[in-house]
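Per my numbering, the very first residue in the sequence shown carries number 2; after that it's consecutive. Beta carbons are placed, not taken as given, at the ideal position from N, Cα and C, and that holds for glycine. Taking it in order: structure first as structure tokens, then the write-up.
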Amino acid sequence: MTSPEDESVSWRLIGPVSELSKKQCRLIYSSDGRDADVCLFHVNSEFFAMDARCAHSGGPLCDGDIEEADGVLRVFCPWHDYDFNLKTGNSSTGLQLNTVCVQCEVPRRQAKEAVEEAACSCISSDGLGCQHRYRQWQSKAPIHSSRSSTSGLKKQNKEDFYTLIC
2 MTSPEDESVS WRLIGPVSEL SKKQCRLIYS SDGRDADVCL FHVNSEFFAM
52 DARCAHSGGP LCDGDIEEAD GVLRVFCPWH DYDFNLKTGN SSTGLQLNTV
102 CVQCEVPRRQ AKEAVEEAAC SCISSDGLGC QHRYRQWQSK APIHSSRSST
152 SGLKKQNKED FYTLIC
């Protein structure tokens with residue numbers, strides 16, 4: 002299992018759970034370019050994140066349907082109907098997408114510490130824990146400005162919760 006202290010992993014503050022949970026899928030843009038963008042899914046009160054493009058032909062997975070069968074949530078590519086497990090990134094076709102760790106319900110007043118200290122507990126396709134490489138994330142349309150140039154995180158409502166991904 003990887004922890005945020007490892008050089009290859011970095012936690013990024015994405016936004017309040019209350020806002021992020023309003024949409025079933027939200028595209029999170031990467032500073033590394035379109036091929037590194039991530040879909041943040043909110044299904045059955047859980048968050049999942051994975052590569053935003055289908056491994057087959059690059060279809061936009063945020064536009065895909067999500068179905069649950071035998072307790073497994075899958076997103077289906079809108080272009081060719083390829084399916085991907087939201088937890089592992091595995092497809093029934095043998096294709097694989099990278100999944101991204103999601104840490105939810107971190108109180109805003111603890112967000113800075115959580116970014117630095119949160120343990121990564123996601124499930125990778127090989128079952129060994131987080132295997133994700135470092136990426137920098139930004140929302141195309143930020144929900145809230147979460148950084149202040151002088152004091153780190155701005156203090157607003159102590160009950161605000163934020164979603165973190167690594």
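Going by beta carbons, Val-44 and Ile-29 fall outside the 8 Å limit. Classified as exposed, Gly-95 has fewer than 16 neighbouring CB atoms from the shown chains inside 10 Å of its CB. For Glu-69, the closest of Val-18, Cys-102, Lys-88 and Leu-98 by C-alpha to C-alpha distance is Lys-88. A check of alpha carbon separations from Ala-50 across Ser-93, Ser-22, Tyr-83 and His-57 identifies Ser-22 as the nearest. Every unbroken stretch of the beta strand (DSSP E) spanning 3 or more residues and falling wholly within the stretch 26–104 is given here in chain order: 26–31, 39–44, 47–52, 66–70, 73–77 and 84–86. If you draw a 10 Å sphere on the C-beta of Ser-92, you find 16 or more other C-beta atoms in it, and that means buried. Rounded to whole angstroms, the gap between the alpha carbons of Asn-86 and Val-73 is 7 Å. The distance from the Cβ of Ala-56 to that of Gln-25 is about 21 Å, inconsistent with a contact at the 8 Å cut-off.
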